[in-house]
Amino acid sequence: MSPVQTVAQVFDAIQQAKTGAADFTTNFFSVEKRLQDWIARGELAYEQTHGAAFFFRKDRDFQHLYYCASDVGALQSGLSVLLSVKSEKVVLDIVGKEAGLADFLTKWEQSGFRPYTKLFRLARIAAPVAAGTEEGVEFAQTGDTTQILSLLEEQFDPYGEQIPLLYELEAAIAQQQILVARRDEVVAGLLFFETQGVSSTLRFWTVDAKFRALKLGSALMRRYFTTQNAVKRYVLWVAADNANAIQKYEHYGYKPDGLVDYVLVNQLIRS
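Taken in order, the sequence shown gives residues 422 to 692; the numbers are from the working numbering.
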(Lines of atoms letter the chains of each structure in order from A and count residues from 1; the text may use other names and numbers.)
(Lines give C-alpha, C1' and ligand atoms only; values in the text may rest on other atoms or scores of the structure.)
Protein backbone atom coordinates (compact mmCIF):
# COMPACT_ATOMS: atom_id res chain seq x y z
CA MET A 1 0.00 0.00 0.00
CA SER A 2 1.07 3.58 -0.64
CA PRO A 3 0.01 6.44 1.65
CA VAL A 4 -2.46 8.87 0.10
CA GLN A 5 -0.95 12.36 0.12
CA THR A 6 -3.75 14.46 -1.39
CA VAL A 7 -7.47 14.31 -2.11
CA ALA A 8 -6.61 14.73 -5.81
CA GLN A 9 -4.83 11.34 -5.71
CA VAL A 10 -8.08 9.73 -4.57
CA PHE A 11 -10.16 11.34 -7.29
CA ASP A 12 -7.57 10.53 -9.98
CA ALA A 13 -7.52 6.86 -8.97
CA ILE A 14 -11.31 6.69 -9.02
CA GLN A 15 -11.44 8.35 -12.44
CA GLN A 16 -8.95 5.84 -13.85
CA ALA A 17 -11.15 2.99 -12.64
CA LYS A 18 -14.19 4.65 -14.23
CA THR A 19 -12.57 5.24 -17.61
CA GLY A 20 -14.08 2.84 -20.10
CA ALA A 21 -15.98 1.06 -17.31
CA ALA A 22 -18.47 -1.51 -18.53
CA ASP A 23 -20.24 -1.91 -15.18
CA PHE A 24 -18.63 0.40 -12.61
CA THR A 25 -18.94 -0.78 -9.01
CA THR A 26 -17.91 0.92 -5.75
CA ASN A 27 -18.53 1.21 -2.03
CA PHE A 28 -16.54 4.45 -1.68
CA PHE A 29 -18.71 7.52 -1.10
CA SER A 30 -16.69 9.56 1.39
CA VAL A 31 -16.99 13.35 1.31
CA GLU A 32 -13.94 15.56 0.76
CA LYS A 33 -13.75 16.84 4.35
CA ARG A 34 -13.56 13.31 5.71
CA LEU A 35 -10.91 12.37 3.16
CA GLN A 36 -8.86 15.38 4.24
CA ASP A 37 -9.06 14.26 7.87
CA TRP A 38 -7.97 10.72 7.04
CA ILE A 39 -5.07 11.92 4.88
CA ALA A 40 -3.89 14.48 7.45
CA ARG A 41 -3.66 11.73 10.08
CA GLY A 42 -1.96 9.21 7.82
CA GLU A 43 -4.94 6.84 7.97
CA LEU A 44 -5.54 6.41 4.22
CA ALA A 45 -3.51 4.30 1.78
CA TYR A 46 -4.25 2.88 -1.65
CA GLU A 47 -3.33 0.30 -4.27
CA GLN A 48 -4.22 0.42 -7.93
CA THR A 49 -4.59 -2.51 -10.30
CA HIS A 50 -5.81 -2.76 -13.88
CA GLY A 51 -9.35 -1.38 -13.87
CA ALA A 52 -9.62 -1.02 -10.08
CA ALA A 53 -8.55 1.19 -7.18
CA PHE A 54 -8.50 0.04 -3.55
CA PHE A 55 -8.36 2.33 -0.52
CA PHE A 56 -7.49 1.23 3.01
CA ARG A 57 -8.35 3.29 6.09
CA LYS A 58 -6.62 2.39 9.34
CA ASP A 59 -8.98 1.90 12.31
CA ARG A 60 -7.59 0.47 15.57
CA ASP A 61 -6.09 -2.94 14.69
CA PHE A 62 -7.74 -3.37 11.28
CA GLN A 63 -8.34 -1.73 7.90
CA HIS A 64 -11.58 -0.60 6.26
CA LEU A 65 -11.49 -1.50 2.57
CA TYR A 66 -13.08 0.72 -0.09
CA TYR A 67 -13.00 -0.15 -3.78
CA CYS A 68 -13.78 1.32 -7.21
CA ALA A 69 -13.69 -1.04 -10.18
CA SER A 70 -14.67 -0.93 -13.83
CA ASP A 71 -16.57 -4.19 -13.37
CA VAL A 72 -16.73 -7.21 -11.08
CA GLY A 73 -14.07 -9.05 -13.08
CA ALA A 74 -11.57 -6.22 -12.55
CA LEU A 75 -12.52 -6.14 -8.87
CA GLN A 76 -11.85 -9.86 -8.37
CA SER A 77 -8.66 -9.75 -10.41
CA GLY A 78 -7.38 -6.85 -8.31
CA LEU A 79 -8.27 -8.53 -5.03
CA SER A 80 -6.35 -11.64 -6.01
CA VAL A 81 -3.05 -9.73 -6.05
CA LEU A 82 -3.54 -7.45 -3.05
CA LEU A 83 -1.07 -8.49 -0.37
CA SER A 84 -2.82 -6.32 2.22
CA VAL A 85 -5.96 -8.46 2.30
CA LYS A 86 -3.80 -11.48 3.13
CA SER A 87 -1.58 -9.86 5.76
CA GLU A 88 -3.91 -7.51 7.65
CA LYS A 89 -7.36 -7.65 9.24
CA VAL A 90 -9.77 -6.14 6.69
CA VAL A 91 -13.43 -5.10 6.91
CA LEU A 92 -15.71 -3.77 4.16
CA ASP A 93 -19.34 -2.80 3.70
CA ILE A 94 -21.59 -3.78 0.79
CA VAL A 95 -24.82 -1.74 0.68
CA GLY A 96 -27.87 -2.31 -1.50
CA LYS A 97 -31.21 -4.03 -1.84
CA GLU A 98 -31.21 -7.54 -0.39
CA ALA A 99 -32.40 -9.24 -3.58
CA GLY A 100 -29.67 -7.69 -5.70
CA LEU A 101 -26.70 -8.57 -3.50
CA ALA A 102 -26.66 -12.38 -3.44
CA ASP A 103 -24.50 -12.93 -6.55
CA PHE A 104 -22.14 -10.10 -5.60
CA LEU A 105 -21.64 -11.51 -2.09
CA THR A 106 -20.72 -14.86 -3.64
CA LYS A 107 -17.98 -13.11 -5.62
CA TRP A 108 -16.54 -11.67 -2.41
CA GLU A 109 -16.62 -15.07 -0.71
CA GLN A 110 -14.68 -16.46 -3.67
CA SER A 111 -12.11 -13.73 -2.97
CA GLY A 112 -11.61 -14.80 0.66
CA PHE A 113 -14.17 -12.72 2.54
CA ARG A 114 -17.10 -13.88 4.64
CA PRO A 115 -20.25 -12.23 6.05
CA TYR A 116 -19.66 -10.89 9.57
CA THR A 117 -22.93 -9.11 10.27
CA LYS A 118 -25.86 -7.52 8.48
CA LEU A 119 -27.42 -4.13 9.17
CA PHE A 120 -30.87 -2.85 8.24
CA ARG A 121 -31.49 0.79 7.42
CA LEU A 122 -34.51 2.26 9.17
CA ALA A 123 -36.12 5.58 8.28
CA ARG A 124 -38.57 7.91 10.01
CA ILE A 125 -40.53 10.84 8.62
CA ALA A 126 -40.71 13.85 10.94
CA ALA A 127 -43.64 13.61 13.37
CA PRO A 128 -44.54 15.02 16.81
CA VAL A 129 -43.00 13.27 19.83
CA ALA A 130 -44.83 12.68 23.11
CA ALA A 131 -43.79 15.05 25.89
CA GLY A 132 -41.70 13.80 28.81
CA THR A 133 -38.93 14.77 31.16
CA GLU A 134 -35.47 15.37 29.68
CA GLU A 135 -33.75 16.44 32.88
CA GLY A 136 -30.00 15.95 32.77
CA VAL A 137 -29.82 15.64 28.97
CA GLU A 138 -27.56 18.15 27.21
CA PHE A 139 -25.00 18.47 24.48
CA ALA A 140 -21.69 16.81 25.32
CA GLN A 141 -18.73 18.89 26.44
CA THR A 142 -15.04 18.49 25.55
CA GLY A 143 -14.32 16.85 28.90
CA ASP A 144 -16.79 14.05 28.11
CA THR A 145 -14.76 12.62 25.23
CA THR A 146 -13.01 9.82 27.11
CA GLN A 147 -16.19 8.66 28.85
CA ILE A 148 -18.11 8.69 25.56
CA LEU A 149 -15.45 6.65 23.78
CA SER A 150 -15.33 4.15 26.64
CA LEU A 151 -19.11 3.70 26.54
CA LEU A 152 -19.14 3.25 22.77
CA GLU A 153 -16.34 0.68 22.84
CA GLU A 154 -18.11 -1.21 25.61
CA GLN A 155 -21.50 -1.31 23.86
CA PHE A 156 -20.68 -1.59 20.14
CA ASP A 157 -18.64 -3.81 17.82
CA PRO A 158 -15.80 -1.93 16.06
CA TYR A 159 -15.79 -4.32 13.10
CA GLY A 160 -19.51 -4.11 12.45
CA GLU A 161 -20.52 -0.63 13.62
CA GLN A 162 -17.70 1.80 12.80
CA ILE A 163 -16.99 3.27 16.24
CA PRO A 164 -15.46 6.74 15.84
CA LEU A 165 -11.92 7.53 16.91
CA LEU A 166 -11.10 10.08 19.58
CA TYR A 167 -10.53 12.99 17.19
CA GLU A 168 -13.84 12.25 15.44
CA LEU A 169 -15.64 12.43 18.77
CA GLU A 170 -13.93 15.74 19.55
CA ALA A 171 -15.12 17.15 16.22
CA ALA A 172 -18.68 15.86 16.79
CA ILE A 173 -18.79 17.44 20.24
CA ALA A 174 -17.61 20.77 18.79
CA GLN A 175 -20.44 20.59 16.24
CA GLN A 176 -23.04 19.67 18.89
CA GLN A 177 -23.71 16.24 17.40
CA ILE A 178 -23.64 14.27 20.66
CA LEU A 179 -26.25 14.42 23.40
CA VAL A 180 -25.46 12.94 26.80
CA ALA A 181 -27.48 12.03 29.87
CA ARG A 182 -25.59 12.60 33.11
CA ARG A 183 -25.91 11.11 36.54
CA ASP A 184 -23.52 12.43 39.22
CA GLU A 185 -21.08 13.77 36.62
CA VAL A 186 -21.02 10.40 34.86
CA VAL A 187 -22.03 10.02 31.20
CA ALA A 188 -24.79 7.48 31.74
CA GLY A 189 -26.08 7.50 28.15
CA LEU A 190 -25.53 9.16 24.80
CA LEU A 191 -27.02 9.79 21.39
CA PHE A 192 -24.63 10.57 18.53
CA PHE A 193 -26.09 11.93 15.29
CA GLU A 194 -25.14 13.74 12.08
CA THR A 195 -27.55 16.24 10.54
CA GLN A 196 -27.14 17.66 7.05
CA GLY A 197 -29.88 19.94 5.80
CA VAL A 198 -33.25 18.27 6.34
CA SER A 199 -31.82 14.76 6.82
CA SER A 200 -30.35 13.35 10.03
CA THR A 201 -28.55 10.07 10.68
CA LEU A 202 -28.62 8.60 14.18
CA ARG A 203 -25.27 6.85 14.55
CA PHE A 204 -25.25 5.60 18.16
CA TRP A 205 -27.84 5.53 20.95
CA THR A 206 -27.07 3.71 24.18
CA VAL A 207 -27.33 3.83 27.97
CA ASP A 208 -24.88 2.26 30.40
CA ALA A 209 -26.37 -0.94 31.85
CA LYS A 210 -26.20 0.50 35.40
CA PHE A 211 -28.64 3.28 34.47
CA ARG A 212 -31.16 1.56 32.21
CA ALA A 213 -34.02 1.69 34.70
CA LEU A 214 -34.03 5.50 34.64
CA LYS A 215 -35.61 5.98 31.17
CA LEU A 216 -32.59 7.92 29.97
CA GLY A 217 -32.81 6.40 26.50
CA SER A 218 -36.24 7.89 25.88
CA ALA A 219 -35.10 11.26 27.27
CA LEU A 220 -32.16 11.28 24.84
CA MET A 221 -34.39 10.39 21.90
CA ARG A 222 -36.93 13.10 22.71
CA ARG A 223 -34.19 15.72 23.04
CA TYR A 224 -32.74 14.58 19.72
CA PHE A 225 -36.04 15.08 17.92
CA THR A 226 -36.73 18.45 19.56
CA THR A 227 -33.24 19.87 18.86
CA GLN A 228 -33.38 18.65 15.24
CA ASN A 229 -36.90 19.89 14.57
CA ALA A 230 -36.10 21.21 11.07
CA VAL A 231 -35.28 17.67 9.90
CA LYS A 232 -37.76 16.00 7.56
CA ARG A 233 -36.25 12.51 7.37
CA TYR A 234 -34.35 10.56 10.00
CA VAL A 235 -32.35 7.41 9.21
CA LEU A 236 -30.18 4.92 11.09
CA TRP A 237 -28.49 1.54 10.69
CA VAL A 238 -29.12 -1.28 13.15
CA ALA A 239 -27.83 -4.84 13.39
CA ALA A 240 -30.39 -7.19 11.84
CA ASP A 241 -30.14 -9.62 14.77
CA ASN A 242 -30.68 -6.93 17.43
CA ALA A 243 -34.43 -7.43 17.87
CA ASN A 244 -34.53 -5.38 21.06
CA ALA A 245 -33.03 -2.29 19.42
CA ILE A 246 -35.23 -2.65 16.33
CA GLN A 247 -38.33 -2.80 18.52
CA LYS A 248 -37.28 0.38 20.34
CA TYR A 249 -36.63 2.23 17.10
CA GLU A 250 -39.98 1.14 15.70
CA HIS A 251 -41.60 2.58 18.84
CA TYR A 252 -40.30 5.99 17.71
CA GLY A 253 -41.62 5.58 14.17
CA TYR A 254 -38.61 4.11 12.39
CA LYS A 255 -39.31 1.49 9.72
CA PRO A 256 -37.09 -0.54 7.33
CA ASP A 257 -36.64 1.25 4.00
CA GLY A 258 -35.29 -1.73 2.05
CA LEU A 259 -31.54 -1.08 2.19
CA VAL A 260 -29.17 -3.53 3.87
CA ASP A 261 -25.46 -3.34 4.68
CA TYR A 262 -23.48 -6.58 4.66
CA VAL A 263 -20.27 -6.24 6.65
CA LEU A 264 -17.65 -8.64 5.31
CA VAL A 265 -14.31 -9.59 6.86
CA ASN A 266 -11.26 -11.48 5.70
CA GLN A 267 -9.96 -14.66 7.27
CA LEU A 268 -7.68 -12.87 9.77
CA ILE A 269 -10.75 -11.76 11.73
CA ARG A 270 -11.85 -14.87 13.59
CA SER A 271 -14.76 -13.77 15.79
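Where is the CB? At the ideal position from N, CA and C, for every residue including glycine. Bear in mind that the values here come from a model prediction, so they are computed numbers and not experimental data.
In this structure, Ala-602 keeps its C-beta atom at 8 Å or more from the C-beta atom of Gly-564. When the alpha-carbon of Ile-546 is set against those of Lys-653, Gly-553, Phe-632 and Leu-573, the nearest one is in Lys-653. Nearest to Ser-498 by alpha-carbon distance, out of Leu-465, Lys-528, Lys-479 and Gln-576, is Lys-528. Put simply, the backbone Cα of Phe-614 is about 5 Å away from that of Gln-598. Ala-544 sits in a strand when the DSSP states are folded into three classes.
Residue pairing from DSSP places Glu-468 in a beta bridge opposite Phe-475. According to the DSSP secondary-structure assignment, Val-493 is paired through a beta bridge with no residue. Straight-line measurement puts the Cα of Pro-536 at about 26 Å from the Cα of Leu-570. Asp-678: member of the beta strand (DSSP E) spanning 676-687, first to last residue. For the 8 Å CB-CB criterion, Ala-473 and Ala-495 form a contact. If you ignore the 5 residues before and after Leu-637, its C-beta comes within less than 7 Å of the C-beta of Ala-602, Ala-609, Gly-610 and Val-628, all in its own chain and listed in chain order. The beta-carbon separation of Phe-445 and Ser-491, rounded to 6 Å, stays under the 8 Å limit for a contact.
According to the DSSP assignment, Ile-569 belongs to no beta strand (DSSP E) but to the alpha helix (DSSP H) extending over 566-576. The shortest C-alpha to C-alpha distance from Phe-450 to any of Tyr-488, Gln-484, Asp-480 and Ala-461 is the one to Tyr-488. One alpha carbon belongs to Trp-626, the other to Leu-612, and they sit about 4 Å apart.
With a 10 Å radius around the Cβ and a threshold of 16 neighbouring Cβ atoms, Tyr-683 comes out buried. Between Ile-584 and Ala-561, the C-beta spacing is not below 8 Å.
With a cutoff of 8 Å on beta-carbon distance, Gly-553 and Ala-666 are scored as not near each other. Around the beta carbon of Leu-587, fewer than 16 other beta carbons lie within 10 angstroms, which makes this residue exposed.
Of all C-beta pairs linking the region 479-486 to the region 431-442, fewer than three are shorter than 8 Å, placing the two stretches out of contact. The alpha-carbon of Val-619 is positioned some 40 Å away from that of Gly-533. Here Val-659 has Leu-540, Phe-541, Leu-543, Ala-666, Ile-667 and Tyr-670 as same chain residues with Cβ atoms under 7 Å from its own Cβ, once five neighbours each way along the sequence are excluded.
With distances taken between CA atoms, Thr-647 lies nearest to Pro-549 out of Pro-549, Lys-518 and Thr-616.
Taking Gly-679 as the centre and dropping the five residues before and after it, the same chain places the C-beta of Lys-518 closer than 7 Å to its C-beta, in chain order.
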